[in-house]
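Its first residue numbered 1, the sequence shown is counted upward by one per residue in our numbering.
We treat Cβ as the ideally placed atom computed from N, Cα and C, and that holds for glycine.
Remarks on the structure that follows.
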Amino acid sequence: NQSGEGEIRKALIEADLVDCMVALPGQLFYSTQIPACLWFLRRDKRSLPSPLSGRGAGGEGDDRRQHILFIDARKLGRLVDRTHRELTDDEVTRIADTYHAWRGAKEAGNYADVAGFCKSAPLDEVRKHGYVLTPGRYVGAEAQEDDGEPFEEKMRRLAATLREQQAEAAKLDAAIASNLKELGYGR
Numbered sequence: 001n002q003s004g005e006g007e008i009r010k011a012l013i014e015a016d017l018v019d020c021m022v023a024l025p026g027q028l029f030y031s032t033q034i035p036a037c038l039w040f041l042r043r044d045k046r047s048l049p050s051p052l053s054g055r056g057a058g059g060e061g062d063d064r065r066q067h068i069l070f071i072d073a074r075k076l077g078r079l080v081d082r083t084h085r086e087l088t089d090d091e092v093t094r095i096a097d098t099y100h101a102w103r104g105a106k107e108a109g110n111y112a113d114v115a116g117f118c119k120s121a122p123l124d125e126v127r128k129h130g131y132v133l134t135p136g137r138y139v140g141a142e143a144q145e146d147d148g149e150p151f152e153e154k155m156r157r158l159a160a161t162l163r164e165q166q167a168e169a170a171k172l173d174a175a176i177a178s179n180l181k182e183l184g185y186g187r
């Protein structure tokens with residue numbers, strides 16, 4: 001919200017120009033390690049010409065006025081070396097198909113919100129969040145599978161594991177202190 005950025009963002013949102021926000025993972029570009037976010041702006045959000053057929057999408061569900069699609073792709077990609085990440089062809093296709101399905105392109109299938117990955121948020125929700133356009137704020141967390149272990153049992157098991165690890169850590173600390181003392185660096 002510095003240098004009027006918040007007001008510019010608010011004006012873009014209120015003019016219903018923001019079509020889609022895609023958060024990308026860090027280490028994707030050679031010139032920077034920080035994550036990037038793609039902004040898709042569109043004047044007319046009523047329909048999307050289909051890139052696959054060359055004609056308008058038509059039909060129900062392609063009028064996306066007063067909505068913004070948020071895609072959180074920060075967990076996608078694979079490290080190809082210590083400092084560089086690449087998106088696979090399947091991941092790029094997943095992102096593109098999600099956008100095209102949201103816009104109503106029949107070839108892309110039906111759009112559905114996916115917890116932790118994408119959400120179509122109405123402008124009222126964006127207003128409630130102070131015009132913040134960070135996809136992670138809207139898509140939420142992906143659903144976790146229930147492992148079937150009751151909470152109380154899991155907590156007892158995890159607490160016991162923690163105590164075992166703390167005891168092992170104390171033994172290792174004592175061994176290190178003893179070795180340092182033998183080397184003349186102890187207290």
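- Query: Got a sec, what are the start and stop residues for the beta strand (DSSP E) E119 sits in?
  - Reply: Sequence check: residue 119 is Lys here, not Glu. Taken as a continuous stretch (DSSP letters only), the beta strand (DSSP E) holding K119 covers 118 to 122.
- Distance, Cα to Cα, Q27 vs A73? 13 angstroms
- Would you list, in sequence order, the uninterrupted alpha helix (DSSP H) runs of no fewer than 4 residues that lie entirely inside the segment 74 to 137? 89 to 103, 123 to 128
- Contact set for D16: own chain, Cβ-Cβ below 8 angstroms, skip 5 residues either direction: K45, R65, Q66, L123
- Message: So for R41, helix, strand or coil by DSSP?
- Response: For the record, residue 41 in the displayed sequence is Leu; it is not Arg. Correct three-state label for L41: strand.
- Task: For I71, write down the residues that DSSP places opposite it in a beta bridge.
- Result: V22, C118
- Message: Using the Cβ count rule (16 or more neighbours within 10 Å means buried), how would you classify F151?
- Response: exposed
- Item | Identity of the residue in L76, D81, H100, R82 nearest D89 by Cα | L76
- Out of Y30, I34, I13, E14, point me to the one whose CA is closest to A23's CA. I34
- Task: Compute the Euclidean distance between the alpha carbons of P25 and G116, then round it to the nearest angstrom.
- Result: 14 angstroms
- Item | Counted within 10 angstroms of its Cβ, other Cβ atoms place T98 as buried (16 or more) or exposed | buried
- Message: Using a Cβ-Cβ cutoff of less than 8 angstroms, which residues in the same chain neighbour W102 once the five nearest sequence positions on both sides are dropped?
- Response: C20, R64, L69, Y111, C118, S120
- Task: Label V139 either buried or exposed according to how many other C-beta atoms from any shown protein chain fall within 10 Å of its C-beta, with 16 as the threshold for buried.
- Result: buried
- Item | Proximity of Y131 and K10 at Cβ, strictly below 7 angstroms | yes
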